[in-house]
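These protein sequence lines are chains V and Z, in that order.
If you count by numbering that gives the first Met the number 0, then the first sequence holds residues 0 to 656, one letter each, in order.
If you count by numbering that gives the first Met the number 0, then the second sequence holds residues 0 to 313, one letter each, in order.
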Amino acid sequence: MARVGVFVCFCGANIADFVDVNQVVEEVKRIKEVKFATNYKYMCSDPGQQQIRDAIIQYRLTSVVVAACSPRMHEKTFRKALFDAGMNPYLLEIANIREHSSWVHQKDKKAATEKAIDLVRMAVAKSIANEQLHEISVPVTKRALVIGGGIAGIQAALDIADARIPVVLVEKSPSIGGKMAQLDETFPTLDCSQCILTPKMVDVASHPYIELIPYAEVLELEGFVGNYKAKIKKKASYVNFKTCTGCGACWQKCPVKVPNEYNMGIDKRKAIYTPFPQAVPNKPVIDAEHCNMLTKGKCGICAKVCEKGSIDYKMQDEIIEREIGAVVVATGYSLWDPKPYEEYGVGRFKDIITSLEFERMVSANGPTGGVPIRPSDGQVPKNVVFIKCIGSRDEAKGIEYCSKICCMYTTKHTILLHHKVPGSHSYVFYMDIRAAGKGYEEFVKKAQVDTAATYLRGRVSKIYKKGDKLIVRGEDAQIGQVVEVVADLVVLATAVIPNKDNPDLARLLGVSYDKYGYMSEAHPKLRPVETAKAGIFLAGCTQAPKDIPDTVAQASACAAKVCGLFSGDTMKKDPMISSVNNEFCSGCQNCVKVCPYGAIVTEEIPMSRGSKEMRTVAKINEGVCQGCGSCVAVCRSMAISLAGFSDPQIINEIVSI
Amino acid sequence: MKKLTYFPGCSAHGTSEEFEKTVRMVMQRLGVQLEDIPDWNCCGATSAHTMSESLAYALPLRNLVLAEKLDNTTMAIPCASCYQRMKVTKIHMDENPELAKEINSTIIEEGTYQGKVAIKSMLQYCYEDVGLEAIKAQVTKSLAGMKLACYYGCLLTRPKAVTQFDSPEYPMSMDHIVEALGAKATDFDYKTECCGASFSISNSEVVLTLTSKILEMAKESGAHAIVVACPLCQSNLDMRQPGAEKHSGKKFDLPIFYFTQLMALAFGMPEKDLMFNKNIIPVEKALANIGKIEPEPEKSKKTKKAVEAESEVA
Numbered sequence: 000m001a002r003v004g005v006f007v008c009f010c011g012a013n014i015a016d017f018v019d020v021n022q023v024v025e026e027v028k029r030i031k032e033v034k035f036a037t038n039y040k041y042m043c044s045d046p047g048q049q050q051i052r053d054a055i056i057q058y059r060l061t062s063v064v065v066a067a068c069s070p071r072m073h074e075k076t077f078r079k080a081l082f083d084a085g086m087n088p089y090l091l092e093i094a095n096i097r098e099h100s101s102w103v104h105q106k107d108k109k110a111a112t113e114k115a116i117d118l119v120r121m122a123v124a125k126s127i128a129n130e131q132l133h134e135i136s137v138p139v140t141k142r143a144l145v146i147g148g149g150i151a152g153i154q155a156a157l158d159i160a161d162a163r164i165p166v167v168l169v170e171k172s173p174s175i176g177g178k179m180a181q182l183d184e185t186f187p188t189l190d191c192s193q194c195i196l197t198p199k200m201v202d203v204a205s206h207p208y209i210e211l212i213p214y215a216e217v218l219e220l221e222g223f224v225g226n227y228k229a230k231i232k233k234k235a236s237y238v239n240f241k242t243c244t245g246c247g248a249c250w251q252k253c254p255v256k257v258p259n260e261y262n263m264g265i266d267k268r269k270a271i272y273t274p275f276p277q278a279v280p281n282k283p284v285i286d287a288e289h290c291n292m293l294t295k296g297k298c299g300i301c302a303k304v305c306e307k308g309s310i311d312y313k314m315q316d317e318i319i320e321r322e323i324g325a326v327v328v329a330t331g332y333s334l335w336d337p338k339p340y341e342e343y344g345v346g347r348f349k350d351i352i353t354s355l356e357f358e359r360m361v362s363a364n365g366p367t368g369g370v371p372i373r374p375s376d377g378q379v380p381k382n383v384v385f386i387k388c389i390g391s392r393d394e395a396k397g398i399e400y401c402s403k404i405c406c407m408y409t410t411k412h413t414i415l416l417h418h419k420v421p422g423s424h425s426y427v428f429y430m431d432i433r434a435a436g437k438g439y440e441e442f443v444k445k446a447q448v449d450t451a452a453t454y455l456r457g458r459v460s461k462i463y464k465k466g467d468k469l470i471v472r473g474e475d476a477q478i479g480q481v482v483e484v485v486a487d488l489v490v491l492a493t494a495v496i497p498n499k500d501n502p503d504l505a506r507l508l509g510v511s512y513d514k515y516g517y518m519s520e521a522h523p524k525l526r527p528v529e530t531a532k533a534g535i536f537l538a539g540c541t542q543a544p545k546d547i548p549d550t551v552a553q554a555s556a557c558a559a560k561v562c563g564l565f566s567g568d569t570m571k572k573d574p575m576i577s578s579v580n581n582e583f584c585s586g587c588q589n590c591v592k593v594c595p596y597g598a599i600v601t602e603e604i605p606m607s608r609g610s611k612e613m614r615t616v617a618k619i620n621e622g623v624c625q626g627c628g629s630c631v632a633v634c635r636s637m638a639i640s641l642a643g644f645s646d647p648q649i650i651n652e653i654v655s656i
Numbered sequence: 000m001k002k003l004t005y006f007p008g009c010s011a012h013g014t015s016e017e018f019e020k021t022v023r024m025v026m027q028r029l030g031v032q033l034e035d036i037p038d039w040n041c042c043g044a045t046s047a048h049t050m051s052e053s054l055a056y057a058l059p060l061r062n063l064v065l066a067e068k069l070d071n072t073t074m075a076i077p078c079a080s081c082y083q084r085m086k087v088t089k090i091h092m093d094e095n096p097e098l099a100k101e102i103n104s105t106i107i108e109e110g111t112y113q114g115k116v117a118i119k120s121m122l123q124y125c126y127e128d129v130g131l132e133a134i135k136a137q138v139t140k141s142l143a144g145m146k147l148a149c150y151y152g153c154l155l156t157r158p159k160a161v162t163q164f165d166s167p168e169y170p171m172s173m174d175h176i177v178e179a180l181g182a183k184a185t186d187f188d189y190k191t192e193c194c195g196a197s198f199s200i201s202n203s204e205v206v207l208t209l210t211s212k213i214l215e216m217a218k219e220s221g222a223h224a225i226v227v228a229c230p231l232c233q234s235n236l237d238m239r240q241p242g243a244e245k246h247s248g249k250k251f252d253l254p255i256f257y258f259t260q261l262m263a264l265a266f267g268m269p270e271k272d273l274m275f276n277k278n279i280i281p282v283e284k285a286l287a288n289i290g291k292i293e294p295e296p297e298k299s300k301k302t303k304k305a306v307e308a309e310s311e312v313a
């Protein structure tokens, strides 16, 4: 005879305000198999769990039903409570009366209560047919894949590799370094970005546990946590990295000039190039779109000057495979194109630039030698207007969210201008100054005093040209008047946006993403670096806009998660998987076709014991099966069963209401 | 001959007679036959739309219903205010059939609104339906030598959701048209700034400040004259110009042309028919620039080269 215990949670007010939890207890007590039922404010807390543990022993329960939040939240917690009381953890059933009832029926307490009672009744009925199950062990491939070689990917790769776990680092451009390599100094300490980043880049290249694959993309990821297989496309670089010494003869002689992405197109690079002098690896690639030899079949100068004979115009893209156990996604961000700001004359006035363009100009290794200039006439600007929130917090033209970093880097830019151009003056149009972070507010305050920059709270409505100056007209909301500022240069702090291909990558990896295209974490507070897909983690701006300190912290958190995952030789896996009853299997192989994970193969077994005639039956690969149940649904002879969701369990549920 | 439904509007019979007349001349030359909406009424732009919502819809809606009795798919309107009232009404009626039915019931004796006629400003019609090539083909007397600042004002391109035409902040359609006539359109950053026309009577001080700024920027752009496509813009910039000169202490001397006046001129139509005598700021000096072509100043590329050289060193 089954003996079921029911534990109803208030979830603070989340459930109790909309579901009559006392009535739920009273109702379920009438079910004859229910030997104990109670409710409590926080069932997941220790006193809550203690009630479960005590009841299991006192009432000799044979299964437990917890009516609370989604099993995705606390199923593991309660399974552990059962285990601690000496009970098989899979004798637990969760009735989700929060997401499925109290949260969605807040306007009708009576209906919500009735629905909650039904949900609990179903869970009780199901639990009666629950069987004891045992975790499965699967082998783990202890190698991590890090996608993206910016500061997030670099930090994650180094931390994982330092734990002596092999890392494959895939970077789509010819060099690692990412956006941080384009920065001059970093807030709030004005550390030189190059000085703190480039040694880490070198560490990546020389680390015995890191395989760096630059100029490459991940094409496919199949498998499951601990046992993924990644297909990686190494784009043809047309340069043999093994023999190339990086001497630079090729790019000095190359006759083709192309706008330089690293310097935001302010100067030119060659068609054979390294992105910047401190690039890692410091080997050039040929830009196939612009190379004369590859587009027109004429030129070949780089091959002639290369003493090592490293140039290979016939090189093809190469597809390689790596077996890995976990993935860290660190693909970074893009910047919003301010073209919709037509009233500012974006695109018409050369002396309106973006913050990253300004950053390149003031960088010591930038195209203008560290001094900002006006693109229109090459003169050094004196009066510079910085406009924040271009595209950020702008539902009409851009995106709703705050890009988080612009207030701080604009402050930094006023300091850099002050340092590099004597007699210059900064004007900053802002909505709010958002300087939350260690040392941030102090940084802003000090900068305002040191640079004597003019901060104007309000939006700019128009920019027009007068002579060779730009007139910036905006509101100074603090004096309630329209003001006009005569500017030599205008710098727009454009919004941080996700990379355009972020959704494609997310789909490829099987990770969810939000309405903007940022990849979604498993829980916004408690699982900030994990995704809903086991073994895939997020670092940096691929998840949301963030600054360098937050990015590095997140990358190290990813590394800790990966190391934790790889801490044993095998990995425990839920036993909720399919199994085949060979007696019933007709060998139709419909299950093989529908399995999304490729977890079903076939095997030959004797027709009967001792028989030499063979027949085909389906066989489940326990390590690969994810327990989705597709095979169960298509099996005509009902030979496949899914542990935890067996026919008796499901039928019990349906019959109970 | 192509047929086009036409709504002249009240200004056409008063302050903007020269616009009205030249529109008809130019359209005939371009092979477009204008069919006036029979028994049209005021669009309600001046006061109705601030006093009563239903009246603000009912007045234009009657015109829209009457326009559907003609067999054309498009209607063009020279006045920017009329255009705005009619287009706003059309959009609201098309989006909200319930409201359309209610408003329609007040003028039901005229017919039932079906929403089948597209509404364009005369500028939009010239740019999109006639096209630059057809305009160029009619030019017999090029306006080369003339520099013109094209002024669009508030209503021709804004709000974008209503007008669905050109850029709301920096439109170029009129610029392209005057360039098709041979003139040079100047870079004029104030082309969509408000001239204050709605305060013309109640607070003329505001109007003088705003028009002064527009005139000043047009002058600085190097223009000999301003081109408009709206009767209110024209009268405000033209009639208020002496006041604006006094207000700002600057001499502008900028005649304000309708773009159709200049089209007619470039099409070789007799100058006496273009009603330049209605312009308050004399036009002769500006027109005298036609044919006087300055050599293009050579652009210095030195600084740019210097930058490139510098970057290569780096």
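By construction, the Cβ of each residue, glycine as well, lies at the ideal position given by its N, Cα and C atoms.
Residue-chain proximity (residue i, chain Z), Cβ-Cβ < 8 Å
{"i": "residue 458/V", "result": "no"}
{"i": "residue 359/V", "result": "no"}
{"i": "residue 142/V", "result": "no"}
{"i": "residue 344/V", "result": "yes"}
{"i": "residue 341/V", "result": "yes"}
{"i": "residue 97/V", "result": "no"}
{"i": "residue 5/V", "result": "no"}
Of the listed residues the options, nearest to residue i (C-alpha basis)
{"i": "residue 260/Z", "options": "214/Z, 122/Z, 32/Z and 35/Z", "result": "122/Z"}
{"i": "residue 353/V", "options": "628/V, 577/V, 104/V and 489/V", "result": "489/V"}
{"i": "residue 336/V", "options": "105/V, 418/V, 606/V and 355/V", "result": "355/V"}
{"i": "residue 186/V", "options": "590/V, 516/V and 412/V", "result": "412/V"}
{"i": "residue 129/Z", "options": "262/Z, 287/Z, 279/Z and 283/Z", "result": "262/Z"}
Residue-level contact to chain V via CB, residue i, 8 Å cutoff
{"i": "residue 219/Z", "result": "yes"}
{"i": "residue 150/Z", "result": "no"}
{"i": "residue 188/Z", "result": "yes"}
{"i": "residue 168/Z", "result": "yes"}
{"i": "residue 309/Z", "result": "At residue 309/Z, the pLDDT of 45 sits below 50, so the modelled position is not reliable and the matter cannot be decided from this model."}
Range covered by the alpha helix (DSSP H) that runs through residue i
{"i": "residue 247/Z", "result": "240-247"}
{"i": "residue 21/Z", "result": "16-28"}
{"i": "residue 188/Z", "result": "Taken as a continuous stretch (DSSP letters only), residue 188/Z belongs to no alpha helix (DSSP H), as it is neither H nor E."}
{"i": "residue 360/V", "result": "354-361"}
{"i": "residue 388/V", "result": "That residue, residue 388/V, is in no alpha helix (DSSP H); its beta strand (DSSP E) goes 382-389."}
{"i": "residue 82/Z", "result": "79-94"}
{"i": "residue 300/V", "result": "300-304"}
{"i": "residue 320/Z", "result": "Missing from the structure shown is residue 320/Z; chain Z here goes from 0 to 313 and no further."}
{"i": "residue 203/Z", "result": "203-219"}
{"i": "residue 548/V", "result": "547-564"}
Integer Cβ distance of residue i from residue j, believed to fall under 8 Å
{"i": "residue 65/V", "j": "residue 77/V", "result": "5 Å"}
{"i": "residue 565/V", "j": "residue 139/V", "result": "6 Å"}
{"i": "residue 374/V", "j": "residue 380/V", "result": "Wrong, their Cβ atoms sit about 10 Å apart, outside the cutoff."}
{"i": "residue 2/Z", "j": "residue 71/Z", "result": "5 Å"}
Cutoff 8 Å: residue i Cβ touching any chain C Cβ
{"i": "residue 347/V", "result": "Although the question refers to chain C, the structure presented lacks it and instead comprises the protein chains V and Z."}
Element boundaries [beta strand (DSSP E), containing residue i]
{"i": "residue 107/Z", "result": "Segment: none, residue 107/Z is in no beta strand (DSSP E) and carries neither H nor E."}
{"i": "residue 454/V", "result": "453-456"}
{"i": "residue 322/V", "result": "317-323"}
query: Residues in the stretch 453-483 of chain V with C-beta within 9 Å of chain Z's C-beta atoms, listed in sequence order?
result: From the stretch 453-483 of chain V, only 461, 462, 463, 464, 465, 466 and 470 have a Cβ closer than 9 Å to chain Z.
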